[in-house]
Amino acid sequence: MQLESALSSEDFAKYPFLKQASKQIEELQFTIETLPSEKTIFDRAQNRVEKAIFEVNTGNVVKDKRAEISSFAAALILVIATKNSWIKKRYSLSVAKTAHAQMLLEDKGKILAIAKDFDWDIGEGVFGKDFRVRFSFYLKNAAHMHGPEWKLVNQIMDKGMVYLNKDKVVRLLQEEVKNRIEKRLDVPEIKNFPPEITVIAEGLIKLAQEIMGEEIEDIPKEVVQTAFPPCINAIYEAASATHHLSQMERFTLTAFLLNIGLNAEKVSEIYKSFSDYNERLTRYQIEHIAGERGSGTHYIPPQCSILQTHGVCKNRNELCRRIYHPLKYYKIKQQLALKQAQ
Ligand code: SF4
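Just so we're aligned: the sequence shown equals residues 73 to 414 in our numbering.
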């Protein structure tokens, strides 16, 4: 029985990251240079990224399907133009979360068609489950999911297939969407954007800084080590034990320490024992994160959901369940510690 549904232009407007939707975008033949003159598309693209920054979604689908599909590609250009890794991550997550909410409303045929766009080996399920998914696709996308409901031992498996209900398949597809968008945003630097795009990109960076700034305002610059969140303690311990950290761990630790009040010199001392330590380069990187070099962007550590995706979130505790950013965690614990000390 043919269960998989054909995807319509309405679906492409809802899921413009699909390969078949990309073909439609190519046919429209707009370029970075012509984009600012496409007002409807340009406005919706800006709206997409602003919504992502503020609300972690990409807003409502507009009636004009052509504009909606094109604005997806245009929004990617705007995000790339910001050259801001926080906005890139935020936008990828927002597209994925928006798609997740829409996919939950779709029938099984549509879900199959979307999963096939990601080359999944998937079919209709048995054993009371909606779908069967090839083990490797489950493993790849469930790698960072926490909770017993995602443990492989708790799934029904048969002949290399995992049997799952729609909600779980849709959640796994959310990861696929996020990874696809992150890859599309991971392009070599583009120079010479038209001035209209540069102006919008600068505005988006300011918006992002406002949102990020909410996390860090009013953190007293009195360092309280017992208030460090578990992830930062784990990175700190790894740094002391192995003298090596991944790029993500380095960025997180550096941005965290700078934001709680350490200066660049103090932070660079941590890296002195590393085998690849280069004083000039380390100092440059730290000052860049502090906003003292380059674009002047003052960075903060990534939020918890991003650290979870990169395997940097470790030893979560009770307080972690109530916060969404390591600096928020620090702020709460620091305030408690300072009150107790009074
Ligand atoms: S939940 Fe957030 S604060 Fe807690 S360990 Fe994970 S990344 Fe750190």
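A virtual CB, placed ideally from N, CA and C, is assigned to each residue, including glycine.
Span separating the alpha-carbon of residue 379 from that of residue 161: Straight-line Cα distance between these residues: approximately 11 Å.
Under a three-way DSSP split, which group does residue 365 fall into? Residue 365 falls in the coil class under three-state DSSP.
Using DSSP bridges, identify the partner residues of residue 195. Residue pairing by DSSP places residue 195 opposite 204 in a beta bridge.
Identify whether residue 230 lies in helix, strand or coil by the three-state DSSP scheme. Residue state for residue 230 is assigned as strand, using DSSP reduced to three classes.
What is the C-beta distance between residue 262 and residue 108, in whole angstroms, given that I count them as a contact (C-beta under 8 Å)? The beta-carbon separation of residue 262 and residue 108, rounded to 15 Å, does not stay under the 8 Å limit for a contact.
Those residues which DSSP pairs with residue 235 across a bridge: According to DSSP, residue 235 bridges with 204 and 228.
Of the listed residues 85, 372 and 113, nearest to residue 282 (C-alpha basis): Out of 85, 372 and 113, the CA that lies nearest to the CA of residue 282 is found in 372.
Three-state secondary structure assigned by DSSP to residue 217: Under the three-state reduction of DSSP, residue 217 is assigned to coil, being neither helix nor strand.
Below 8 Å on the Cβ atoms is my contact criterion, and I expect residue 308 with residue 325 to pass it. Report the Cβ-Cβ distance as a whole number of Å. Contact flag correct, Cβ pair sits at about 7 Å.
Grouping DSSP H, G and I as helix and E and B as strand, with all else coil, what is residue 371? In the three-state DSSP reduction, residue 371 falls in the coil class, being neither helix nor strand.
Tell me which residues share the same chain as residue 241 and place their Cβ nearer than 8 Å to its Cβ, disregarding the 5 neighbours each side in the sequence. Residues 183, 187, 194, 202, 203 and 205 of the same chain have their beta carbon placed closer than 8 Å to that of residue 241, with the five preceding and five following residues left out of the count.
Cβ-Cβ distance between residue 151 and residue 141 below 8 Å: Their beta carbons are not under 8 Å apart, which means residue 151 does not touch residue 141 by this criterion.
Give every residue whose Cβ lies closer than 5 Å to any heavy atom of the ligand SF4, listed in chain order. In chain order, the residues positioned with their C-beta nearer than 5 Å to some heavy atom of the ligand SF4 are 301, 302, 303, 376, 379, 385, 388, 392, 398 and 401.
What is the DSSP secondary structure of residue 121, counted as helix, strand or coil? It is helical.
Going by beta carbon distance, what residues of the same chain come within less than 8 Å of residue 123, once the five residues before and after it are set aside? Answer for residue 123: 129, 130, 131 and 166, listed in chain order.
When we look at the beta-carbon of residue 83 and count the other beta-carbons within 10 Å, is it buried (16 or more) or exposed? With 16 or more other CB atoms across the displayed protein chains lying within 10 angstroms of its CB, residue 83 is buried.
Can you tell me where the alpha helix (DSSP H) with residue 324 in it begins and where it stops? Residue 324 -> alpha helix (DSSP H) spans 319-331.
The alpha helix (DSSP H) spanning residue 437 covers which residue range? For the chain, the structure presents residues 73 to 414; residue 437 sits outside this window and is missing.
Start and end residues, alpha helix (DSSP H) containing residue 128: Here residue 128 belongs to no alpha helix (DSSP H), and DSSP marks it neither H nor E.
Less than 8 Å between the C-beta atoms of residue 301 and residue 398, yes or no? Their beta carbons are under 8 Å apart, which means residue 301 touches residue 398 by this criterion.
Distance between beta carbons of residue 89 and residue 252, contact taken as under 8 Å: 6 Å between Cβ atoms; contact.
So, at 8 Å on beta carbons, what are the nonlocal neighbours of residue 176 in its own chain, with the 5 sequence-adjacent residues on each side left out? The residues are 238, 239 and 242.
Can you round the beta-carbon distance between residue 79 and residue 153 to whole angstroms, since I take them to be within the 8 Å contact cut? In this structure residue 79 is not in contact with residue 153, their Cβ atoms being roughly 30 Å apart against a cut-off of 8 Å.
Note down, in chain order, each residue of its chain lying with its Cβ closer than 8 Å to the Cβ of residue 294, except the 5 sequence neighbours on either side. Take residue 294, set aside five residues on each side of it, and the residues of its chain with a beta-carbon closer than 8 Å to its own are 333, 406 and 410, in chain order.
Report the CB separation of residue 147 from residue 112 in whole angstroms; it is logged as a contact under 8 Å. Under the criterion of beta carbons closer than 8 Å, residue 147 and residue 112 do not qualify as touching, at roughly 13 Å.
If we ignore side chains and look at the alpha-carbon of each, how far apart do residue 114 and residue 156 end up? Here the C-alpha atom of residue 114 lies approximately 19 Å from the C-alpha atom of residue 156.
Compute the Euclidean distance between the alpha carbons of residue 198 and residue 229, then round it to the nearest angstrom. Taking the straight line from one Cα to the other gives about 11 Å.
Just the Cα atoms here: how many angstroms apart are residue 149 and residue 172? One C-alpha to the other measures close to 23 Å.
Looking at residue 318: is its Cβ nearer than 8 Å to the Cβ of residue 254? Cβ distance not < 8 Å, so residue 318 and residue 254 don't count as in contact.
Please determine, among 168, 296, 180 and 275, the residue with the shortest C-alpha to C-alpha distance to residue 404. If you compare the alpha carbons of 168, 296, 180 and 275 with that of residue 404, the shortest gap goes to 296.
Could you check which residue in 236, 247 and 133 has the C-alpha nearest to that of residue 217? Nearest to residue 217 by C-alpha distance, out of 236, 247 and 133, is 247.
Looking only at C-alpha atoms, which of 390, 178 and 361 sits nearest to residue 322? The shortest C-alpha to C-alpha distance from residue 322 to any of 390, 178 and 361 is the one to 361.
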